[in-house]
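**Q** In the numbering used here, the protein residues as written are 28 to 765.
Glycine residues also receive a C-beta, built at the ideal position from the N, C-alpha and C atoms.
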Ligand code: DGJ
């Protein structure tokens with residue numbers, strides 16, 4: 028059993044393959060205390076870690092020092108306003124305006140499997156289990172039923188253990204069992220109190236065109252956080268935080284990570300307290316959040332994913348990759364190779380018509396490309412980004428002969444067809460906006476802020492969602508469309524809804540995200556064979572929430588192979604390579620103006636979903652002729668890349684010279700190492716690279732070399748990689764055990 032209750036010790040003990048997570052019930056008032064999280068240990072009485080035997084003692088022994096107790100006990104889920112001055116996990120305002128809330132344990136249950144979280148994306152034991160037909164062996168759930176009797180609130184803390192992946196997920200369900208409505212002003216999903224082990228905080232930051240750059244910082248006393256209140260997880264900061272021991276590296280040392288399965292506002296925070304403990308918290312950002320909870324209603328907080336590794340950051344990466352591949356991503360394409368696509372965005376921008384698209388498709392099909400994706404600009408009268416969002420009718424002046432004709436012609440070339448939508452948006456210059464200005468988010472009396480000359484629809488409204496879904500479904504039913512790119516090109520502002528009452532205006536951004544989830548769920552149910560790729564002005568909504576609906580997400584609008592090394596490093600640190608939308612694009616690169624060899628562009632895109640984003644009819648013959656070879660490599664290596672274990676060997680973001688990573692099959696018989704020499708060095712000897720993740724007992728043949736190498740030698744002594752003249756040289760090395 029992965030989860031047990033040790034009655035005598037009053038400890039709940041959650042085990043995974045290599046970790047133990049222990050929490051305890053303390054004192055007569057039933058405080059839920061954090062006891063231990065880390066390397067797996069035998070079950071025993073470790074309740075001394077709560078320090079309740081030390082002064083000031085528990086309230087039943089020394090209520091005189093109650094607030095000192097509350098402010099120092101390691102908590103699992105801290106109440107608010109009653110004497111714990113650290114970051115609270117929940118905060119509630121009553122009709123009388125009071126803010127105090129306590130979380131006292133009342134009862135528990137331990138069950139096989141895992142309940143769904145209503146309306147939210149969440150991990151599952153197995154996809155069969157989601158349909159109610161088994162798969163419960165892979166995880167277990169502990170629910171701590173807690174209460175605040177003064178408020179009449181029940182607060183369930185949910186913990187699910189995923190044994191194989193060394194992951195514990197957490198969520199919270201708050202129910203109003205009282206007679207009056209209350210206002211939830213904060214409901215975090217997880218909180219973790221740890222003794223500080225000289226931890227540093229690892230986060231991901233970015234901007235448009237340079238998403239998910241890794242940052243590591245010291246943790247000073249007080250609070251340090253990353254967050255978003257942009258209405259999406261954002262380019263700028265990421266719903267992920269890790270605490271790593273100062274000397275922990277890729278392969279050694281303690282690391283704790285928290286990741287959030289949510290696509291909207293979030294706060295991820297580390298607070299270093301007076302007693303040198305760290306309180307790590309994750310949840311919906313409390314800024315602008317206020318949820319009215321009527322009697323008998325419940326609020327479900329999105330899920331947080333926790334994982335611990337005593338073997339450095341690399342193991343955190345592999346735990347999360349396995350977790351998402353096995354227990355979050357759904358649908359037909361999760362375990363399948365994706366069609367090699369060509370997208371016309373960087374090829375034509377808005378300047379295309381049927382003839383141009385067919386010209387690209389024809390040439391692409393001859394080279395082995397398998398799907399044409401028609402990007403922005405096919406609807407309304409959209410010839411630039413100033414109009415027509417919301418008017419999802421095909422522009423037959425551009426798409427002459429209609430959409431079905433175009434799709435049929437593409438199909439006749441032996442290719443699939445995909446299409447772009449930006450469902451959550453409306454242009455001021457659109458019929459939709461003229462008919463329904465009240466469907467856009469806006470605060471009465473204020474002119475809403477434009478961004479890319481568009482407004483965000485009030486996606487929390489059922490009539491808005493019904494309209495949008497109706498438009499999309501009509502288009503998808505009208506032709507053989509097998510892929511959708513769902514884009515979102517502005518962040519939210521002016522959070523006002525004409526639909527919701529004044530006291531519910533603080534719910535809008537969460538309702539927006541719930542609305543988004545509802546529409547994507549409906550879409551994937553009605554069109555189960557559709558390949559959905561999420562996107563947000565590049566990679567602003569690359570998060571685990573979106574992965575529940577789409578097995579791949581567009582990683583960044585910056586398609587420059589060298590910039591992509593950094594972006595894909597940060598992304599791959601927590602997301603499987605199979606999810607990373609990556610394309611070969613034209614040079615000079617449209618974002619940074621750099622010229623890189625076509626081969627390197629292909630090699631970098633290979634560690635993602637792989638596709639093209641260029642006008643194939645305008646390529647030089649030499650580059651065109653390289654495409655079939657690249658596609659061959661994709662077909663040859665993609666099963667390995669999609670399913671294998673990823674190890675980072677060297678990071679261009681830190682060494683500024685070269686990048687290197689390897690993907691090793693689960694049985695360790697095959698591996699593919701990627702090496703990119705970013706800067707060619709004058710007068711330089713070959714570089715020694717030590718591989719990772721191999722079986723030391725196996726002997727490996729490296730394709731293209733005559734020698735065989737012992738796995739032990741490859742990992743400890745390494746191989747020599749010749750220094751090639753020039754910059755931006757990419758190489759791949761395929762290893763096969765003999
Ligand atoms: C942003 C996306 O990231 C691009 O790939 C492209 O689809 C544009 N939007 C279209 O407006």
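1. For residue 160, count neighbouring Cβ atoms within 10 angstroms of its own Cβ and tell me buried if that reaches 16, exposed if not.
2. Going residue by residue through the segment 551-612, where are the continuous beta strand (DSSP E) segments of at least 3 residues, counting only ones entirely within it?
3. Of all the options 664, 132, 376 and 366, which has the alpha carbon lying nearest to the alpha carbon of residue 634?
4. Would you check whether ligand 1 has a heavy atom nearer than 7 Å to the C-beta of residue 516?
5. Could you have a look at residue 498 and say whether DSSP puts it in helix, strand or coil?
6. Are residue 94 and residue 55 close, meaning C-beta to C-beta below 8 Å?
7. Tell me whether the segment 425-438 and the segment 449-460 touch, counting them as touching only if at least three CB pairs, one residue from each stretch, are closer than 8 Å.
8. Is it true that the segment 644-664 meets the segment 674-687, where meeting means three or more beta-carbon pairs spaced less than 8 Å apart?
9. Quick check on this structure: which residue in 153, 319, 442 and 724 has the alpha carbon closest to the alpha carbon of residue 211?
10. Taking residue 318 as part of the beta strand (DSSP E), name the residues at either end of that continuous run.
11. Considering just the uninterrupted stretch of the beta strand (DSSP E) at residue 329, what are its terminal residues?
12. Return yes when the C-beta of residue 419 is under 7 Å from any heavy atom of ligand 1, and no when it is not.
13. If we call anything under 8 Å between Cβ atoms a contact, is residue 327 one with residue 146?
14. Rounded to whole angstroms, what's the CA-CA distance from residue 60 to residue 612? Just pull it up for me.
15. Pick out whichever of 625, 129, 379 and 151 has its Cα sitting closest to the Cα of residue 183.
16. Give, in chain order, every unbroken run of the beta strand (DSSP E) that is at least 3 residues long and sits entirely within the segment 125-203.
17. Going by beta-carbon coordinates alone, are residue 642 and residue 387 separated by less than 8 Å?
18. For the putative contact between residue 468 and residue 416, defined by C-beta atoms under 8 Å, what is the C-beta separation to the nearest angstrom?
19. Can the beta-carbon of residue 197 be found closer than 8 Å to that of residue 131?
20. Could you give the distance in angstroms between the alpha-carbon of residue 716 and the alpha-carbon of residue 636?
21. Do residue 768 and residue 221 have their C-beta atoms closer together than 8 Å?
22. With DSSP as the reference, please indicate the residues paired to residue 272 in a beta bridge.
23. Is there at least one non-hydrogen atom of ligand 1 closer than 7 Å to the beta-carbon of residue 584?
24. Could you tell me how far apart the beta carbons of residue 347 and residue 307 are, in whole angstroms, since I believe they sit closer than 8 Å?
25. Residues in the same chain with beta-carbon distance under 6 Å from residue 48, minus the five sequence neighbours each way, listed in chain order, please.
26. Shortest alpha-carbon distance to residue 764 belongs to which of 721, 608 and 256?
27. For residue 120, which residues does DSSP report across the bridge?
28. With distances taken from CA atoms, which of 492, 606, 746 and 587 is nearest residue 768?
29. I'd like to confirm something about residue 173: is its beta-carbon nearer than 7 Å to some heavy atom of ligand 1, or not?
30. Just mark residue 605 as buried or exposed, buried being the case when its beta carbon has 16 or more other beta carbons within 10 Å.
31. Report the rounded CA-to-CA distance for residue 97 versus residue 361, giving the unit in angstroms.
32. Given the structure, does residue 42 come close to ligand 1, in the sense that its CB is under 7 Å from one of the ligand's heavy atoms?
33. For chain D, check one thing: does any of its Cβ atoms lie closer than 8 Å to the Cβ of residue 444?
34. Quick check: what's the CA-CA separation for residue 503 versus residue 550?
35. Helix, strand or coil: which one does DSSP assign to residue 659?
**A** By the coordinates alone:
1. Low per-residue confidence applies at residue 160: pLDDT is 47, beneath 50, and the placement is therefore not dependable enough to give any value.
2. 558-561 and 579-581
3. 664
4. Within the chosen limit of 7 Å, ligand 1 reaches the beta carbon of residue 516 through at least one heavy atom.
5. Helix, per DSSP.
6. no
7. no
8. Segments in contact, no.
9. 319
10. 318-320
11. 325-336
12. no
13. yes
14. 53 Å
15. Distance from the Cα of residue 183 is smallest, within the candidate group 625, 129, 379 and 151, for 129.
16. 131-139, 166-175, 180-189 and 194-203
17. yes
18. Contact annotation, residue 468 with residue 416: C-beta distance approximately 14 Å; criterion of less than 8 Å not satisfied.
19. no
20. In a straight line, the C-alpha of residue 716 is about 26 Å away from that of residue 636.
21. Any question about residue 768 goes unanswered here, given that the chain covers just 28 to 765.
22. 226
23. yes
24. Rounded, the Cβ-Cβ distance is 16 Å, inconsistent with contact.
25. 41, 64 and 195
26. 721
27. 210
28. Since the first residue of the chain shown is 28 and the last is 765, residue 768 is not available in this structure.
29. no
30. buried
31. 46 Å
32. Within 7 Å of the C-beta of residue 42 there is not a single heavy atom belonging to ligand 1.
33. The question asks about chain D, but that chain is absent: this structure has only one protein chain.
34. 10 Å
35. helix
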